[in-house]
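Shown next, in structure tokens, is the structure this report addresses.
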């Protein structure tokens, strides 16, 4: 990477770290939603739909938006960016998927252990144990191009982020040539991607991040926007998603992402400015590690919780509220233990994240 072309202040850098951590915790809450499936309540059903739908969608889009800003903040060069993304995204992606395939393969040798970890048909890939996988199964386990997601389901995000980085140079050239026409074309492409089942907000949010860099829009300008108005707008847009017309989604999802980005950034700055960031900033370097470890440990924790906690509505709701926090702390502990090893594999597994930051 070359010289800095977009300045990110210390305040903004800390905000980004805190917001990414909060968003990852939010992702875990979304993935814990199945815990609530035992409760027959329209309120719980509506809550689950919102978390899985507009709230979760807007939160994930923020990751791509911030990643784009961090990618373009220095003079962009395809080769150096590609090398960096191979080490920070592709390597952890392959390493963690391989690790969990190995874990499941070993577990499948002993059926009671497989049942204990609650590894269902999603893990026994298409009803077949690992030892019976075909070449197509192995290809799909690492890419998710056949069934939509790789073997570690949340890693579709890392896959899509890596893929959009491959086209980062083209996105930049298109926007530089004509920001307005290119914006319309890229928006249309995002909608087209949604039509074929892809996460079209990847392209939209990543492009939006470059517009911020190109026009040198400081993220701190969100301080000038009334938080009450942002919140009202966010709630209003989310409430409209209940309208049963598919076209409504395409009308609302892009404004939702923009309003949600502003809201989450305001919350991040608030936490930094009010000095609530002390512990969050200490944990933030491990946020990627928490994300990478959480999926299958969550399955294990859910199984254990279902065995020891009576499945009555009040206790299930308490379980839902507490379980993601316990899981985050457990994943953080795993990262800390791995980082303390003499020849720690953590730096490799996390693409250089966490371990270096923890030693400061």
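In the UniProt record's numbering, the protein residues as written are 1 to 360. Cβ atoms here follow ideal geometry from the backbone N, Cα and C, with glycine treated the same way.
Is it buried or exposed, residue 261, if we count other Cβ atoms within 10 angstroms and call 16 or more buried?
Under this definition residue 261 is a buried residue.
Report back the beta-carbon spacing between residue 175 and residue 182 to the nearest angstrom; my notes put them in contact at under 8 Å.
That pair is a contact at about 5 Å.
Hey, could you find the ends of the alpha helix (DSSP H) residue 192 is sitting in?
Segment 179-195, the alpha helix (DSSP H) holding residue 192.
Apart from the five residues on each side of it in sequence, which residues of its chain come closer than 6 Å, Cβ to Cβ, to residue 61?
Closer than 6 Å at the Cβ level, and outside the excluded window around residue 61, lie 201, 205 and 257.
Can the beta-carbon of residue 252 be found less than 9 Å from the beta-carbon of residue 237?
Cβ distance < 9 Å, so residue 252 and residue 237 count as in contact.
Could you tell me the boundaries of the alpha helix (DSSP H) in which residue 207 lies?
Element bounds for residue 207: 201-214.
Could you check if residue 28 is buried or exposed, using at least 16 other CB atoms within 10 Å of its CB as the buried criterion?
Its Cβ being crowded by 16 or more others within 10 Å, residue 28 is buried.
What's the gap between the Cα of residue 218 and the Cα of residue 161?
Using only the alpha carbons, I get a separation of about 23 Å.
Please confirm whether residue 22 and residue 267 have their CB atoms less than 9 Å apart.
A contact, by the Cβ cut-off of 9 Å.
Leaving aside the five residues before and after residue 16 along the sequence, list all residues of the same chain whose C-beta is less than 6 Å from its C-beta, in chain order.
These residues qualify, in order along the chain: 66.
Where residue 48 and residue 36 are concerned, what is the direct C-alpha to C-alpha distance, given to the nearest angstrom?
For residue 48 and residue 36, the distance between alpha carbons rounds to 8 Å.
Quick one: what's got a C-beta closer than 6 Å to residue 58's C-beta in the same chain, skipping five residues either side?
Counting only Cβ-Cβ distances below 6 Å, and skipping sequence neighbours, we find 256, 257 and 260.
Using the Cα positions of residue 145 and residue 108, report the straight-line distance between them to the nearest angstrom.
Roughly 24 Å between the two C-alpha positions.
Below 7 Å CB to CB, which residues in the same chain sit around residue 147 once its five sequence neighbours on both sides are set aside?
The answer, listed in chain order, is 140.
Can you name the start and end residues of the alpha helix (DSSP H) that residue 71 belongs to?
Run containing residue 71: 56-72, per the alpha helix (DSSP H) assignment.
Using CA atoms only, rank isn't needed, just tell me which of 286, 327, 315 and 322 is closest to residue 294.
Among 286, 327, 315 and 322, the Cα nearest to that of residue 294 belongs to 327.
Taking buried to mean at least 16 other C-beta atoms within 10 Å of its own C-beta, is residue 228 buried or exposed?
So residue 228 ends up on the exposed side.
Could you pull the DSSP bridge partners for residue 4 from this structure?
Residue 4 pairs with 74.
Does the segment 38-54 come close enough to the segment 78-94 to have 3 or more Cβ pairs within less than 8 Å?
Touching, no.
Would residue 7 be called buried (16 or more neighbouring beta carbons within 10 Å of its own) or exposed?
The residue in question, residue 7, is exposed, as its Cβ has fewer than 16 Cβ neighbours within 10 Å.
If you follow the alpha helix (DSSP H) that residue 281 is part of, which residue opens it and which one closes it?
Segment 278-283, the alpha helix (DSSP H) holding residue 281.
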